[in-house]
Structures are given as structure tokens and as C-alpha cells.
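Basically our numbering = 1-based index in the sequence shown + 1.
Beta carbons: idealized from backbone N, C-alpha and C, even for Gly.
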Amino acid sequence: MPQNVIELITADHRDVETIFERLRKQPENRPALVAELAAKFVAHARAEEARVYPELAKADPGERGEVRHGTEEHHEAEELLATLMETDPDRPEFTTVLEQLVKAVKHHVEEEGDILPAMAKAVPADRLVAMGRAFSQAKAEELAKPPRPKGRTKEELVEQARKKGVEGYGSMTKDELLAALGG
Numbered sequence: 002m003p004q005n006v007i008e009l010i011t012a013d014h015r016d017v018e019t020i021f022e023r024l025r026k027q028p029e030n031r032p033a034l035v036a037e038l039a040a041k042f043v044a045h046a047r048a049e050e051a052r053v054y055p056e057l058a059k060a061d062p063g064e065r066g067e068v069r070h071g072t073e074e075h076h077e078a079e080e081l082l083a084t085l086m087e088t089d090p091d092r093p094e095f096t097t098v099l100e101q102l103v104k105a106v107k108h109h110v111e112e113e114g115d116i117l118p119a120m121a122k123a124v125p126a127d128r129l130v131a132m133g134r135a136f137s138q139a140k141a142e143e144l145a146k147p148p149r150p151k152g153r154t155k156e157e158l159v160e161q162a163r164k165k166g167v168e169g170y171g172s173m174t175k176d177e178l179l180a181a182l183g184g
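Laid out in C-alpha cells, this is it:
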């Protein structure tokens with residue numbers, strides 16, 4: 002039986018929670034686990050933003066705010082993930098950053114109680130299955146790409162600054178954009 006997009010998203014959330022638990026309990030495996038987490042999280046976030054959120058916003062325009070919020074949560078978690086990747090896994094700071102990331106992702110996963118039920122209500126079952134295929138394909142494509150540079154790209158920062166109404170964002174450097182966006 003084909004899986005719908007809601008089941009796939011929920012399964013990804015459980016997978017990330019498992020990786021978090023392994024990061025806590027298996028410090029000797031942290032480098033490999035961080036790499037696995039980074040690949041899976043980024044693929045999930047990109048696929049959700051490209052294939053799921055636009056469909057939900059179209060099916061239920063009242064969810065546009067939640068969709069925007071979900072994208073912002075992805076970006077926040079990606080920044081923390083980039084910091085985690087740069088942190089020595091044997092240092093105490095690693096645990097601090099890990100717990101910040103866990104908290105941010107846990108907050109995002111709460112979409113299971115908000116966005117996902119709204120999607121189940123607004124999108125027909127056959128469309129949820131088609132979205133599941135598109136989501137899965139987008140994740141596979143993202144996983145096949147070469148690794149991205151750490152942190153957000155300048156293009157991503159420009160887009161975020163545009164959405165937040167930052168004046169002069171088009172002529173700012175990446176560092177200026179980061180400062181204008183609060184880091």
C-alpha cells in the first residue's frame with residue numbers, strides 16, 4: 002500500500018528522534034551520526050518546503066502562516082545543525098548545541114498536531130499519496146546532491162531578508178545579511 006506524505010513526514014520525524022537518542026548514548030559514533038543527521042534533515046526540509054508546503058498553502062490558504070513558520074523553523078534548525086557540525090564531538094559544548102537542536106526540532110515536530118491534521122483535512126487521500134511520491138523523490142534528489150556549504154547560502158539569506166522587509170538587502174554582503182537577520 003503506497004504511503005501518503007503525512008506518513009512519510011511522521012516516519013522522518015521518528016528517524017531524526019532516533020538519531021538524537023543515538024547521539025546522546027553513543028558519543029564514539031558522533032561524527033558519523035552528525036553526518037547522517039545533516040543529510041537526512043536537510044533532505045527532509047528541502048523536500049517539505051518544495052513539495053508539501055506549497056500544496057498545503059494552495060489547498061488551505063489559512064495555513065500559509067503555519068507554512069511560513071515551518072520554513073523558518075527549518076532554517077533555525079539548519080543553523081544549529083551547522084554549528085553542531087563545526088563543534089568538536091568530544092567537547093562539552095557539543096552536548097549544549099545538540100540539546101538546542103533537539104529543542105528546535107522538537108518544536109518543529111509539533112506540526113504533527115497542527116499542520117499535518119490540517120493537510121489531512123484539506124487534501125484528498127489520493128493527492129496525499131501523490132504528494133508522498135513527490136516528497137520521496139525530492140528527498141532522494143537532495144540526498145544525491147553534493148554536500149552544501151555549512152549554513153545558509155547568500156541566496157537563502159537574501160530571500161529571508163526580503164520576506165522580513167529588511168531595507169537594502171539586495172546590496173548587502175552575506176555577513177551583513179546575517180547581522181541584519183540576527184545571526
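| Item | Value |
| --- | --- |
| CB contact flag (H76, R153, <8 Å) | yes |
| Cβ contact check for the stretch 63-80 and the stretch 7-22: 3 or more pairs under 8 Å | no |
| Buried or exposed by the 16-neighbour rule on C-beta atoms within 10 Å, applied to N5 | buried |
| contact_flag[the stretch 47-66, the stretch 124-142] where n(CB pairs < 8 Å) is 3 or more | yes |
| Reference K41; option with closest CA among E56, E64 and L9 | L9 |
| Option in M173, L57 and E100 with minimal Cα separation from A157 | Here residue 157 is Glu; the residue named in the question, Ala, does not match the sequence. Of the listed residues, the one whose Cα sits closest to E157 is M173. |
| Check whether T88 and E79 have beta carbons under 8 Å apart | no |
| Simplified DSSP assignment, three categories, for D67 | According to the sequence shown, residue 67 is Glu rather than Asp. Helix. |
| Cβ shell of L99 (< 7 Å), same chain only, five flanking positions each side left out | L24 and L85 |
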